[in-house]
């Protein structure tokens, strides 16, 4: 699907897609290897072919790379072209990432009680993505390597804008850490959105039809995305809940008093593999993933879906 989408982009007059020869990854990756490690190794093996392609271009103004393609900074240096990094996540995550090398140096063992990241509200451990919660694994080591290299960028593009994250963007300009730590210039270029996303399935059409029946400004849409971890203690057979789980449930219950609730669990809104049986992993039964009684409490005031929804259409 991504390859088809990329190739279809050739119809845009300002975009030309170049195919690199496939890298030989035999012996480098294994079935149990995690995604950041896989991508990083693939990029490392693609540096040579990309260098050859770029060297053959007549006019080359700049190179824009993903966070996991930081080995391309060396290519830009060799070819004397500026290299920018497009950081697609939030400004807060960018700030945390820039500060991660300091945390790695100053904090011993795993991150338990994080020191305050300059310019950010306190960050809870459970809010961190999995790649930085275990410092012993390769995922953490690769991510740390990539963010350490970000200072080599000519600039950082962020998919955000001043009205969305005014406090964080202001902190990047005024916090001493970011001023004195060789942080590249930051350019908020958002919002960049996918403009076309056709409603393909009858299920999607049903969701849009349901939304069309709701009053204007009455729906609270919660999309948990592809990596949101629903805690193990939301599972029905688990008798105890943590304060974190209770906080989520209480917040959701409060919203029901004021709004119609629309929750999209996405592909990662389900419990992690070690918390589910094989049968449950394939189940679309919402009761497998949500707190006991939650589906019944929200049934008459909202819509909860266990799959992706057409977000642009929504």
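In the working numbering, the protein residues as written are 0 to 313. No residue lacks a Cβ here, since even glycine has one placed at the ideal position from N, Cα and C.
Contact under 8 angstroms by Cβ, residue i with residue j
{"i": "residue 96", "j": "residue 35", "result": "no"}
{"i": "residue 148", "j": "residue 72", "result": "yes"}
{"i": "residue 66", "j": "residue 84", "result": "yes"}
{"i": "residue 189", "j": "residue 157", "result": "yes"}
{"i": "residue 81", "j": "residue 153", "result": "yes"}
{"i": "residue 124", "j": "residue 136", "result": "no"}
{"i": "residue 45", "j": "residue 61", "result": "no"}
{"i": "residue 43", "j": "residue 70", "result": "yes"}
{"i": "residue 187", "j": "residue 161", "result": "yes"}
{"i": "residue 89", "j": "residue 159", "result": "yes"}
Terminal residues of the alpha helix (DSSP H) in which residue i lies
{"i": "residue 38", "result": "34-54"}
{"i": "residue 339", "result": "Here the chain comprises residues numbered 0 to 313, so residue 339 is not present and cannot be evaluated."}
{"i": "residue 78", "result": "71-78"}
{"i": "residue 177", "result": "175-179"}
{"i": "residue 90", "result": "90-105"}
{"i": "residue 140", "result": "137-148"}
Residues near residue i by beta carbon distance below 8 angstroms, same chain, minus five either side
{"i": "residue 109", "result": "132, 133, 134"}
{"i": "residue 100", "result": "143, 146, 147"}
{"i": "residue 163", "result": "189, 190"}
{"i": "residue 177", "result": "94, 97, 117, 118, 170, 171"}
{"i": "residue 192", "result": "311"}
{"i": "residue 77", "result": "50"}
{"i": "residue 63", "result": "82, 83, 84, 85, 156"}
{"i": "residue 37", "result": "28"}
{"i": "residue 56", "result": "none"}
{"i": "residue 54", "result": "78"}
Range of the contiguous beta strand (DSSP E) that encloses residue i
{"i": "residue 128", "result": "That residue, residue 128, is in no beta strand (DSSP E); it is neither H nor E in DSSP."}
Which residues DSSP lists as bridging residue i, in chain order
{"i": "residue 85", "result": "156"}
{"i": "residue 208", "result": "Paired residues: none, contrary to the question."}
{"i": "residue 168", "result": "Beta-bridge pairing links residue 168 to no other residue."}
{"i": "residue 62", "result": "82"}
Nearest-angstrom beta carbon gap, residue j and residue i [assumed within contact, 8 angstroms]
{"i": "residue 98", "j": "residue 117", "result": "7 angstroms"}
{"i": "residue 94", "j": "residue 171", "result": "7 angstroms"}
{"i": "residue 183", "j": "residue 155", "result": "5 angstroms"}
{"i": "residue 27", "j": "residue 52", "result": "Not quite, the Cβ-Cβ distance comes to about 21 angstroms (not below 8 angstroms), so this is no contact."}
{"i": "residue 114", "j": "residue 127", "result": "Rounded, the Cβ-Cβ distance is 13 angstroms, inconsistent with contact."}
{"i": "residue 328", "j": "residue 138", "result": "Because the chain in this structure spans residues 0 to 313, residue 328 falls outside the shown range and cannot be described."}
{"i": "residue 129", "j": "residue 150", "result": "The Cβ separation is near 25 angstroms, so there is no contact."}
Contact set for residue i: own chain, Cβ-Cβ below 6 angstroms, skip 5 residues either direction
{"i": "residue 271", "result": "Unreliable positioning characterises residue 271 in this predicted model, as indicated by a pLDDT of 39, which lies under 50. The coordinate reading is nonetheless provided below. So the list is empty, once near-sequence residues are dropped."}
{"i": "residue 228", "result": "Per-residue confidence for residue 228 stands at a pLDDT of 45, beneath the threshold of 50, marking its modelled position as unreliable; the derived number appears in the next sentence. For residue 228, where only same-chain residues beyond five positions count, there are no Cβ hits under 6 angstroms."}
{"i": "residue 275", "result": "Model confidence at residue 275 stands at a pLDDT of 40, short of 50, so the residue's coordinates are unreliable; what they give is reported in the following sentence. Hits under 6 angstroms: none found."}
{"i": "residue 91", "result": "119, 167"}
{"i": "residue 281", "result": "With a pLDDT of 39 at residue 281, under the threshold of 50, the predicted position of this residue should be treated as unreliable, though the coordinate-derived value follows. No residues qualify anywhere along the chain."}
{"i": "residue 58", "result": "none"}
{"i": "residue 87", "result": "158"}
Contacts around residue i, its chain only, beta-carbon distance under 7 angstroms, and the 5 residues preceding and following it disregarded
{"i": "residue 41", "result": "22, 24"}
{"i": "residue 313", "result": "210, 220"}
{"i": "residue 39", "result": "67, 141"}
{"i": "residue 75", "result": "62, 81, 82"}
{"i": "residue 208", "result": "none"}
{"i": "residue 277", "result": "For residue 277, the pLDDT reaches just 44, beneath the cut-off of 50, and the residue's location in the model is therefore unreliable, although a value from the coordinates is still provided. Cβ within range, chain order: n/a, list empty."}
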